[in-house]
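J.: Would you mind keeping the following structure in view while I ask a few things?
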Amino acid sequence: MKIKELLRINIEDEVPLVIKAGEQDLAVEEKEISQYIVTHQIERHLETFLTNYKLLSTDRIGVWISGFFGSGKSYFAKIIGYLLTNH
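Start counting the sequence shown at 0; every next residue gets the next number (numbering that gives the first Met the number 0).
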């Protein structure tokens, strides 16, 4: 059995190499959210972020996302942006 046969998503779909801030194509947004693989570690980070986000009531929220090159920081931030806009 191959790894791609174990997954519910098509891993052969092209993933954009550039994350475009402000891109508002709902079809792209829905596809990216549905294909985002949430590991246990990402789940913990999302929970931490959303818990702290709910506690703050200001429009001056800043978030520092750090990690190694290629670790998925930009994509994680984009997914958080999608979740917060709640289309």
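Yeah, the Cβ is synthetic: ideal placement off N, Cα and C, and Gly gets one too.
Should K1 be labelled buried (16 or more other beta-carbon atoms within 10 Å of its own) or exposed?
T.: By one-based count along the sequence shown, residue 1 stands at place 2. K1 comes out exposed.
J.: Give a yes or no on whether the C-beta atoms belonging to I64 and K72 are separated by under 7 Å.
T.: Translated into the one-based positions of the sequence shown, residue 64 becomes position 65. Translated into the one-based positions of the sequence shown, residue 72 becomes position 73. Yes, they are a contact pair.
J.: Given this structure, state the Cα-to-Cα distance separating I32 from V62, to the nearest angstrom.
T.: The residue labelled residue 32 in the question sits at position 33 within the sequence shown. The residue labelled residue 62 in the question sits at position 63 within the sequence shown. Taking the straight line joining both Cα atoms gives about 20 Å.
J.: Which of helix, strand or coil does DSSP assign to S65?
T.: Numbered from its first residue, the sequence shown carries residue 65 at position 66. If DSSP states are grouped into helix, strand and coil, S65 belongs with coil.
J.: Under a three-way DSSP split, which group does Q40 fall into?
T.: Here residue 40 refers to the residue found at position 41 of the sequence shown. Residue state, collapsed to three classes: helix.
J.: May I ask you to report which of helix, strand or coil DSSP gives Y35?
T.: Working through the sequence shown from its first residue, we reach residue 35 at position 36. Three-state DSSP puts Y35 in coil, outside helix and strand.
J.: In terms of residues, what are the limits of the alpha helix (DSSP H) holding G80?
T.: Residue mapping note: residue 80 aligns to position 81 of the sequence shown, counting from 1. Taken as a continuous stretch (DSSP letters only), the alpha helix (DSSP H) holding G80 covers 72-84.
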